[in-house]
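Q: In this note's numbering, the protein residues as written are 7 to 131.
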Amino acid sequence: MPILLMRIPEDVNEILEAKATEKYGGGSDSKRKAITEAIKAWVEVESLKEAVNQERSEAEKLRSEVERLKSELQARSSVSLRMVSFEDVIQHVNPALVAKLKKSSGAVKVALETAFTLYQRQLSR
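#1: Is it buried or exposed for residue 47, if we count other Cβ within 10 angstroms and need 16 for buried?
#2: Relative to the alpha-carbon of residue 121, which residue among 35, 79 and 71 has its alpha-carbon at the smallest distance?
#3: Could you tell me the distance, in whole angstroms, from the CA atom of residue 87 to the CA atom of residue 51?
#4: Roughly how many angstroms separate the alpha carbons of residue 29 and residue 124, rounded to a whole number?
#5: Count the other CB atoms, across all protein chains shown, that sit within 10 Å of the CB of residue 54; report buried if there are 16 or more and exposed otherwise.
#6: For the structure I just gave you, are there three or more beta carbon pairs, one from the segment 38-45 and one from the segment 19-26, closer than 8 Å?
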């Protein structure tokens, strides 16, 4: 990821100088180290944002699949949809999606369970 060089705003410059002095004892070399650390942290935050966006995208795909399967279950069964649990629905998801769900950090499953619970609440109103 290319990093564009730009003028550092005065307030950021003061923070970097304070950190550099605190951590490395001051001087231009220590300021350079502090800036390098700040850039590394920024790059890490950006990559974490991308990972979160990918998780959200995956969660949305899984949510759509669950919605489709709920509709399919409702059409096939005389059992009220309010009585169908998240596990009942997710067990019918194709194996690739289930594998992805199990490998995810858990955020996808929590998001799906939350969406399913909210959907059930809407149905019961």
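Just so you know, even glycine gets a beta-carbon here, dropped at the ideal spot from N, CA and C.
A: With the structure as the only source:
#1: exposed
#2: 71
#3: With a pLDDT of 49 at residue 87, under the threshold of 50, the modelled position of this residue cannot be trusted; read the value that follows with caution. Taking the straight line from one Cα to the other gives about 41 Å.
#4: 48 Å
#5: exposed
#6: yes
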